[in-house]
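Every letter in the sequence shown is one number past the one before it in the UniProt record's numbering, and letter 516, counting from 1, is 516. Ideal placement from N, C-alpha and C gives every residue a C-beta, glycine not left out. Shown next, in structure tokens, is the structure this report addresses.
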Amino acid sequence: MPVTISDILTTKSLASATVIGGNDGENNPVSNVMIVEAPDVEQWINPHEILITSLFGFDKLSKHDIANFMNTLHRYACSGLIVKTSRFVEKIPQQIITMCNEFSIPLIEIPGQTKYSDLLFQIMQLLFNEKNLLLDQYKKINQKFVNMAIHGSSMQTIVDLLDSLINHTVMIFRIQNHQEILLTCSRKDNLDYQRVNFDQRTALPQKAYTNYDYFQAPLNVSNAHQLIVKIPQNKADDLYLGIIVHQKGIRDVDFMAIENAVNFTQMEALKQAAIKQSMRAYANDIIDDLINGKIATKEQFNTTLSHFHLSATARYRIIVIQANVDHSLATEYFSDYPKAADQVISLFKQYWPDTIYRIRQNRVILIIPNSPSNIKQIKKQLTSIVHHLKRQRHCAFQVGISEPCLPETFKTYAEQSLKTVQIASNLYQDSFIFSFNDLGFYRFLLNITNPQQLRSFVPEELMELYQNKPELYKTLRVYLENNQNAKESANILFIHPKTMSYRLAKIKERMGINYDDVDETFRISVGIRILAILNNENIQGVDTFDNI
């Protein structure tokens with residue numbers, strides 16, 4: 001407990017002292033003692049100091065000057081004023097007494113024979129003893145946390161220890177959608193955190209013995225609030241320590257325990273993150289070997305399946321999901337936004353709890369049970385996932401689905417799902433969910449290892465139009481994509497319908513195309529799709545999960 005004015009009054013030097021004003025401030029904390037030589041205290045005063053003065057020169061001050069002096073003491077939270085009388089003043093001015101009463105600044109009168117040296121020594125002795133007690137208390141508290149860490153700390157042991165030290169409910173939580181998501185709590189039956197108005201939190205001023213950001217949030221119950229401390233972290237996640245405070249407040253000494261708890265929570269979070277990262281890296285290496293067919297022996301293969309709780313005779317599907325931002329593949333999306341990757345995994349596990357996943361910079365690869373076996377139902381669940389992601393992330397998410405497969409064929413079907421999403425992303429820029437069978441005619445592209453081979457499927461007259469008349473080529477592409485609806489195509493191109501008709505006539509003249517010939521328009525449409533793929537250069541026949 002801090003030294004107060006009441007403690008100061010018990011010293012031997014103040015045995016003959018009289019409190020003549022400001023009695024309401026007897027519990028004011030005292031952190032230091034200073035001697036006043038002149039009224040210019042604003043140049044050096046600090047909060048919670050007790051001042052000693054003989055009021056030398058105060059007899060020459062106006063009432064306005066004295067008022068300024070007293071207002072300065074109040075503004076800087078002066079704890080008390082000790083005045084020696086009979087040397088320079090025989091009576092303390094009534095104005096000082098009145099303002100001490102107003103500001104609850106104890107006014108202590110001492111006789112002229114009291115020595116400043118004795119008074120200073122005894123007050124400083126009190127303060128020094130208090131500092132020693134605080135230091136000893138801090139050492140004991142810190143040792144408790146150190147012992148806890150030595151014997152294996154966790155978030156739960158941290159909140160339990162802090163609760164035992166300060167006798168308040170303690171919790172660690174994250175914030176999601178403006179709500180506290182409880183990670184652990186010292187009292188399992190306590191539901192106060194559900195009534196916290198986190199968005200109404202207010203920052204608390206930093207104290208001399210606090211090093212972190214403190215907040216106070218109201219509870220939807222009377223005479224209670226939550227004291228919140230933000231746990232410093234390098235990662236983006238917000239982690240907080242919360243303390244439910246009812247009628248019994250938090251003592252200054254309690255902050256020693258709280259500061260220690262924050263320190264050890266920070267270390268525990270770093271430890272857990274390092275363990276998680278290490279385990280994920282280990283799992284990633286195994287998954288890479290599994291989907292790239294690099295497991296050398298049958299024994300290793302069975303061990304890997306057992307590690308991920310996979311069955312050699314069960315069927316699975318391999319899903320590849322990527323993000324498309326501003327109509328182009330976001331090549332580092334999931335490394336730039338790790339929370340997005342975590343959200344993908346979380347959503348998948350709502351439908352397939354046993355999902356196996358591999359997060360890369362540009363894609364997330366997932367292995368899910370072929371359940372339900374109906375592809376329509378699987379697409380329905382994936383559609384729900386993609387819609388949720390789009391609402392949260394404001395970009396397009398593109399999904400490729402393999403056919404059902406056994407674990408021993410993961411390599412083939414992993415490449416199948418990868419090629420599916422690659423080819424479909426050249427045909428569609430927005431979100432989509434494509435299975436391998438949805439590619440239809442375009443599945444033949446999977447067997448082409450040299451992109452230049454694709455040129456043989458582009459009609460020569462279309463290639464000539466593409467290279468020499470890009471405006472007419474774009475007109476033809478939009479026209480065929482909109483089922484030869486000239487009016488709708490003109491609106492998309494922002495041109496007059498007559499201009500559209502003129503361009504279509506020019507295209508027919510250059511290419512000799514018959515718009516009514518189904519086979520011919522199909523051949524041209526395929527050529528346009530292939531040109532889009534060649535233009536994007538995003539289809540590589542040798543691509544595997546080793547280099548995506």
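Burial state of residue i (16 or more Cβ within 10 Å)
i: H496; result: exposed
i: D254; result: buried
i: G80; result: buried
i: E509; result: exposed
i: S373; result: exposed
i: T18; result: exposed
i: M70; result: buried
i: H394; result: exposed
i: residue 553; result: Nothing in the structure corresponds to residue 553, since the chain is present only between 1 and 548.
i: N167; result: exposed
i: E471; result: exposed
i: L227; result: buried
i: L462; result: buried
i: Q377; result: exposed
i: R75; result: exposed
i: N28; result: buried
i: E102; result: exposed
i: H151; result: exposed
i: I171; result: Checking the sequence, you will find Met at residue 171 rather than Ile. Buried: at least 16 other Cβ atoms inside 10 Å.
i: S13; result: buried
Residue interval of the alpha helix (DSSP H) (run including residue i)
i: F255; result: D254 to I291
i: R391; result: I375 to R393
i: C100; result: Q94 to F103
i: Y138; result: Y116 to I150
i: K230; result: Not the alpha helix (DSSP H): K230 falls in the beta strand (DSSP E), residues H225 to I231.
i: N324; result: First-last for N324: Y316 to V325, but that is the beta strand (DSSP E), not the alpha helix (DSSP H).
i: S79; result: Counting along the chain, S79 falls outside any alpha helix (DSSP H), and DSSP gives it neither H nor E.
i: S164; result: M155 to I166
i: Q343; result: P338 to Y351
i: L418; result: F410 to L427
i: I8; result: I5 to I8
i: L462; result: E460 to N468
i: N302; result: K298 to H307
Close Cβ partners of residue i (< 8 angstroms) along its chain, the five nearest in sequence each way excluded
i: I548; result: In this prediction, I548 scores a pLDDT of 46, lower than 50, which makes its location untrustworthy; the coordinate-derived value is nonetheless stated afterwards. Excluding sequence neighbours, I548 sits near R360, N362, R363 and L418.
i: I35; result: L51, I52, T53, Y116 and L120
i: Y209; result: D252, F255, M256 and E259
For residue j and residue i, believed in contact at Cβ under 8 angstroms, the rounded distance
i: V229; j: Y212; result: 5 angstroms
i: F436; j: E403; result: 5 angstroms
i: N260; j: N142; result: 6 angstroms
i: R315; j: C405; result: 6 angstroms
i: R443; j: I368; result: Contact flag wrong, Cβ pair sits at about 22 angstroms.
i: N32; j: P106; result: Contact flag wrong, Cβ pair sits at about 16 angstroms.
i: T383; j: G400; result: In fact, because the Cβ distance is near 14 angstroms, the residues do not count as touching under 8 angstroms.
i: E49; j: C78; result: 6 angstroms
i: F264; j: S371; result: The Cβ separation is near 43 angstroms, so there is no contact.
Terminal residues of the beta strand (DSSP E) in which residue i lies
i: residue 623; result: Here the chain has residues from 1 to 548 only, and residue 623 is not among them.
i: A217; result: Y214 to P218
i: R75; result: Run containing R75: none in the beta strand (DSSP E); it sits in the alpha helix (DSSP H), K63 to R75.
i: I359; result: I356 to I359
i: I110; result: L107 to I110
i: Q398; result: A396 to I401
i: I433; result: F432 to S435
i: L366; result: R363 to P369
Residues that DSSP places opposite residue i in a beta bridge
i: Q484; result: Partner(s): none; Q484 has no beta bridge.
i: I175; result: E180
i: M34; result: L51
i: S525; result: Looking at the DSSP assignment, S525 forms no beta bridge with any residue, so it has no partner.
i: Y240; result: F173 and K230
i: P29; result: T4
i: G21; result: L107
i: L329; result: N324
Sequence-distant residues of its chain with Cβ nearer than 7 angstroms to residue i (five each side left out)
i: H327; result: Q429
i: F301; result: I295
i: T544; result: Because the pLDDT at T544 is just 47, under 50, the model does not fix this residue reliably, and the point stays unresolved.
i: L531; result: V458 and Y466
i: Q392; result: Q343
i: K487; result: P497
Cutoff 6 angstroms; reference residue i; Cβ partners in own chain excluding five residues on either side
i: Q156; result: T184
i: T11; result: Q122
i: E130; result: V3
i: V41; result: T72
Chain B within 7 angstroms of residue i, Cβ atoms only
i: H394; result: The question asks about chain B, but that chain is absent: this structure has only one protein chain.
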